[in-house]
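*Asks:* Structure provided below as structure tokens; questions to follow.
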Amino acid sequence: KEKHKILHQLLQNSTSPVDL
Amino acid sequence: SNGDTSPTVSMAELDHQAQIISKSHLETCQYLREELQQMSWQNFLQDEVESYQSKPREVMWQLCAVKITEAIQYVVEFAKRIDGFMDLCQNDQIVLLKAGSLEVVFVRMCRMFDSQNNTVYFDGKFAGPDVFKALGCDDLITSVFDFAKSMCSLHLSEDELALFSAFVLLSADRSWLQEKLQVEKLQQKTQLALQHVLQKNQREDGLLNKLRCKVSALRSLCSRHTEKLSAFRAVYPDIVGTHFPPLYKELFGA
Chain G
816 KEKHKILHQL LQNSTSPVDL
Chain D
1351 SNGDTSPTVS MAELDHQAQI ISKSHLETCQ YLREELQQMS WQNFLQDEVE SYQSKPREVM
1411 WQLCAVKITE AIQYVVEFAK RIDGFMDLCQ NDQIVLLKAG SLEVVFVRMC RMFDSQNNTV
1471 YFDGKFAGPD VFKALGCDDL ITSVFDFAKS MCSLHLSEDE LALFSAFVLL SADRSWLQEK
1531 LQVEKLQQKT QLALQHVLQK NQREDGLLNK LRCKVSALRS LCSRHTEKLS AFRAVYPDIV
1591 GTHFPPLYKE LFGA
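Going down the list, the protein sequences come from chains G and D. Residues 816 to 835 in our numbering are what the first sequence lists, from first letter to last. Residues 1351 to 1604 in our numbering are what the second sequence lists, from first letter to last.
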């Protein structure tokens, strides 16, 4: 999970992508 | 034809699947066709091309990594809106996106490609392959442009492109899938929906096969991108480590 932290975050977000 | 995994789906279900995927595609396609058409006359001037060419290699790599990452974020949103994708286990969602998001970016690229001028929308204007010279990956860039050109020659409609993108993303043969059967079912349903739309749009019989052939070309482009990235990283490890977008590093193991 730690390895794909941002992907996890993007998949869980219900709105637009987080600022990367 | 694949025994147990062949889903029994009605025409209404296929229509529904096709509609959801088309809607997801349009909501997440980054640029609408009309917007791209309005910008189509904007090509980089010679001095602008030269300014890209004279950028240090690492600066151009970083710029391209940022653009790829932006496009990938839209692909992630596309995936999330495909009916059934979020029902897959998290491991498989990650596996499919890790392996397929760049492939979908390459598929989507044909919408932003001008076949007549051999240019692609990049950083605000339409750019030819020469704009990317500083990357030091001429062979890969030529292959990416050739792929976009060949995709354009198929003249796919938005709904056909949407379904093909979903089909690519839902590839059930990716390594490390935990619930392969679930992915297989979803991919087969998407393929049936694609077939259904191609028939409805009265496309030629061989088109589905032509699209299937594109899958191996996409895999080859992506593995060559990985090779070029490792070669770059070997020379500029700190640049990748500190200046490349975290999502890009996560996806491509940089």
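All C-beta atoms in this analysis are idealised placements derived from N, C-alpha and C, irrespective of residue type, glycine included.
So that I know if they touch, is there some Cβ in chain G lying closer than 8 angstroms to that of residue 1351 of chain D?
*Replies:* Reliability of the predicted coordinates at residue 1351 of chain D is poor, the pLDDT of 44 falling under 50, and the value obtained from them is presented with this limitation in mind. By this cut-off, residue 1351 of chain D is not an interface position.
*Asks:* Which residues mark the beginning and the end of the alpha helix (DSSP H) in which residue 1514 of chain D is found?
*Replies:* Unbroken alpha helix (DSSP H) run through residue 1514 of chain D: 1508 to 1519.
*Asks:* Quick check: residue 1565 of chain D and residue 1518 of chain D, are their CB atoms within less than 8 angstroms of each other?
*Replies:* Against a cut-off of 8 angstroms, the Cβ pair of residue 1518 of chain D and residue 1565 of chain D comes out as a contact.
*Asks:* Give me the residue from D:1477, D:1574 and D:1504 with the minimum Cα distance to residue 1558 of chain D.
*Replies:* The candidate whose alpha carbon is nearest that of residue 1558 of chain D is D:1504.
*Asks:* Does the separation of the CB atoms of residue 1509 of chain D and residue 1360 of chain D fall below 8 angstroms?
*Replies:* No. Outside cutoff.
*Asks:* Is the shortest distance between the beta-carbon of residue 1370 of chain D and the beta-carbons of chain G less than 8 angstroms?
*Replies:* False, the Cβ-Cβ gap to chain G never drops below 8 angstroms.
*Asks:* Can you tell me whether residue 1453 of chain D is buried or exposed? The criterion is at least 16 other CB atoms within 10 Å of its CB, across all chains shown.
*Replies:* Buried: at least 16 other Cβ atoms inside 10 Å.
*Asks:* How about the segment 1485 to 1493 of chain D and the segment 1564 to 1583 of chain D: do they share at least three Cβ pairs that are nearer than 8 angstroms?
*Replies:* Contact holds: three or more Cβ-Cβ distances are below 8 angstroms.
*Asks:* Using the Cβ count rule (16 or more neighbours within 10 Å means buried), how would you classify residue 1410 of chain D?
*Replies:* Looking at its Cβ environment, which holds 16 or more other Cβ atoms inside 10 Å, residue 1410 of chain D is buried.
*Asks:* For residue 1470 of chain D, which three-state DSSP category applies?
*Replies:* If DSSP states are grouped into helix, strand and coil, residue 1470 of chain D belongs with the strands.
*Asks:* Taking a cut of 9 angstroms between CB atoms, which residues from the segment 1559 to 1589 of chain D lie near chain G?
*Replies:* The segment 1559 to 1589 of chain D vs chain G, Cβ under 9 angstroms: nothing.
*Asks:* In this structure, how does DSSP classify residue 1476 of chain D when only helix, strand and coil are distinguished?
*Replies:* It is a strand residue.
*Asks:* Starting from residue 1415 of chain D, trace the alpha helix (DSSP H) in both directions and tell me its first and last residue.
*Replies:* First-last of the alpha helix (DSSP H) with residue 1415 of chain D: 1407 to 1431.
*Asks:* Counting only beta-carbon atoms, is residue 1447 of chain D nearer than 8 angstroms to chain G?
*Replies:* At least one chain G Cβ lies under 8 angstroms of residue 1447 of chain D.
*Asks:* Measuring alpha carbon to alpha carbon, tell me which of D:1598, D:1447, D:1398 and D:1393 ends up nearest residue 1515 of chain D.
*Replies:* Checking every option, the nearest Cα to that of residue 1515 of chain D belongs to D:1447.
*Asks:* So residue 1470 of chain D and residue 1422 of chain D are in contact, right, with Cβ under 8 angstroms, and what is the actual spacing, rounded?
*Replies:* Incorrect: roughly 16 angstroms between the Cβ atoms, too far for contact.
*Asks:* In chain G, what lies closer than 8 angstroms to residue 1452 of chain D by C-beta?
*Replies:* Simply none; closest approach about 13 angstroms.
*Asks:* Does the segment 1433 to 1444 of chain D come into contact with the segment 1541 to 1549 of chain D, if we say contact requires no fewer than three beta-carbon pairs (one atom in each stretch) closer than 8 angstroms?
*Replies:* Taking 8 angstroms as the limit for Cβ pairs, the verdict is that the segment 1541 to 1549 of chain D does not touch the segment 1433 to 1444 of chain D.
*Asks:* Closer than 8 angstroms, CB to CB, is residue 835 of chain G near chain D or not?
*Replies:* Note that residue 835 of chain G scores a pLDDT of 40, beneath 50, so its modelled location is shaky and nothing firm can be said.
*Asks:* What's the gap between the Cα of residue 1587 of chain D and the Cα of residue 1524 of chain D?
*Replies:* Their Cα atoms are separated by approximately 28 angstroms.
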